[in-house]
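Following: one structure in structure tokens, then a few remarks.
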Amino acid sequence: MRRIDCIEPFRVMQLLERAKELESTGRKIIHMEIGEPDFPTPRSVIEAAKAHLDNGDQFYTPSTGAPELQQALSQWYQDEYGVAVDSKRILITPGTSGAFSLIYAVLLEAGESVLLSDPGYPCQRNFIRLAGGNPVNVPVGPENRYHLSDSLVQQRWQAETRAAVVINPGNPTGTLINPDELKRIASACRERDGYLISDEIYHGLTYGTRPPCALQFDDNAIVVNGFSKRWAMTGWRIGWIIVPEALIDACRRVMQNIFIAAPTLSQHAAITALKERAAVESMRLAYDERRQFLLRELPKLGFEIVVEPQGAFYIYANVEKLTDDSRTFCWKLLEEKGVAITPGEDFGTYQSDRHVRFSYATGMDELKEGIRRLSTL
Ligand SMILES: Cc1ncc(COP(=O)(O)O)c(C=O)c1O
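Mapping of the sequence shown onto this note's numbering: residues 555 to 931, in sequence order.
Here is the structure:
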């Protein structure tokens, strides 16, 4: 099969298209399918961007990023996690998606593989395939809070494996990995001359426990993060990746060629975002209120939440009591009740027909209406 034929569509987009079609006929649809903050970007960030444009700087930055942003992020790691990271190791990318296409291009030779959790963030598999690699989906369940474990990594690691990916908090599950387990996975990867890749895009959106950064355990870990979620900046397309010193040169060469540099305007706005505390905290509190509401209401309707999510804005629910085919179930909910949620099949194949994902990146009134409609199932 040709490489491009292995790239799967993001199925939730098909659901979203149908939802929009229904809306165009005048129906009100409750959106709990999309993982995009419903809040506007903080005002201070928008003002900083306007001022930057007025200063007339529309030029490329260095490929690895504006040095001011790299330094601000280096300070951020010191303040947030107490880890010293040389700013040269922090590479600025067009979204974390840019970081993933970069790192797999650098790490993978044809046929090499990467361990991923199933369920997991679906685009990962396709980034790896595009780089000529093989994604290895490792089934995970409530016993590991839906994360890879040290023993799974050890069992599944092969001669051609280059890395294991942990998304913490997880998408689609919102669960946090046990910090000791993360530490052990980091060691297991290092002992095998491979890398732990830690996707920390939902850091800062946690409710109760603050997860550690993988760099607190292993200076060799590759950390990916971005401004899309915590700072509500999806459309600004800005993220970063922290790589070990030995990979900087290879990354720089790839960056120079494939995207030249991340958007200048967004990089400068991001420096202000790092200083914005109040707006970010009020979004976090609003998400937590919504999370608690759904955690109370969904089980009453037969959606079983086996592991309580402590982060991101997702709830992964078991729907065995309601259906044995979550895809048909979700399409029916959309058509008959006007409620959009994502079927498990978007996140992998392991028990996917028994699961759905709710996103609470949508207002409280909408969520209440969604629950009202679901209660008439
Ligand atoms: C786990 C995870 N990683 C990465 C991304 C990509 O984010 P972006 O490219 O906007 O930074 C997403 C988006 O939903 C995500 O859920």
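Idealized CB from N, CA, C, for every residue including glycine. From a predicted model like this one, the values you see are computed outputs, not experimental measurements.
Cutoff 7 Å: residue i Cβ touching any chain B Cβ
| i | result |
| --- | --- |
| PHE564 | Annotation note: the requested chain B is absent from the structure, which comprises a single protein chain. |
Residue i CB to nearest heavy atom of ligand 1 below 6 Å
| i | result |
| --- | --- |
| THR916 | no |
| THR650 | yes |
| GLY793 | yes |
| TYR658 | no |
| ASN872 | no |
Own chain, CB closer than 8 Å to residue i, minus 5 neighbours either side, in chain order
| i | result |
| --- | --- |
| THR930 | LYS891 |
| HIS822 | ALA602, ALA603, HIS606, ASP611, ALA620, GLU622 and LEU623 |
| LYS886 | none |
| GLY748 | TRP711, THR715, ARG716, ALA717 and ALA718 |
| VAL720 | SER671, HIS701, LEU702, ILE731, LEU736, ILE739, LEU750, ILE751, SER752, ASP753 and ALA768 |
| GLU899 | ARG565, SER880, ARG881, SER906 and ASP907 |
| GLN864 | PRO723, GLY728, THR729, LEU730, THR760, TYR761, GLY762 and THR763 |
Same chain, Cβ closer than 6 Å to residue i, neighbours up to 5 away in sequence not counted
| i | result |
| --- | --- |
| ARG542 | Because the chain spans 555 through 931 in this model, residue 542 falls outside it and cannot be assessed. |
| SER651 | none |
| PRO765 | ASN722 and LEU730 |
Residue i - containing alpha helix (DSSP H), residue span
| i | result |
| --- | --- |
| TYR841 | 832-851 |
| ARG683 | 677-684 |
| ASN691 | Where ASN691 is concerned, there is no enclosing alpha helix (DSSP H), although the beta strand (DSSP E) it sits in stretches over 688-693. |
| VAL707 | 704-710 |
Boundaries (first-last residue) of the beta strand (DSSP E) holding residue i
| i | result |
| --- | --- |
| THR715 | 715-721 |
| LEU645 | 644-647 |
| ALA871 | 868-872 |
Selection from the options that minimises the alpha carbon distance to residue i
| i | options | result |
| --- | --- | --- |
| THR922 | GLN846, VAL692, THR896 and LYS875 | Here residue 922 is Lys; the residue named in the question, Thr, does not match the sequence. Checked all of GLN846, VAL692, THR896 and LYS875; the closest Cα to LYS922 is GLN846. |
| LEU736 | TYR756, GLY728, SER880 and LEU769 | LEU769 |
| GLU663 | SER641, GLY687 and ALA713 | GLY687 |
| CYS767 | GLN678, GLU634 and PRO897 | GLU634 |
| GLY793 | ARG844, GLU830 and THR647 | THR647 |
| GLY758 | ASN872, LEU661, PRO723 and ILE825 | PRO723 |
| MET809 | ASP592, ILE925, SER617 and ARG557 | SER617 |
| HIS909 | ASP772, THR882, ASN691 and TYR870 | TYR870 |
| ARG806 | ASP592, ALA659 and LYS574 | ALA659 |
| PRO733 | GLY695, ALA713 and ASP772 | ASP772 |
| ALA894 | ASN872, ILE600 and GLU920 | GLU920 |
Close-in-space but distant-in-sequence residues of the same chain around residue i (CB under 7 Å, 5 per side omitted)
| i | result |
| --- | --- |
| PHE613 | THR818 |
| PRO594 | ALA786 |
| ILE825 | GLU622, LEU623 and ALA626 |
| ARG844 | TYR914, MET918 and LEU921 |
| THR877 | PHE883 |
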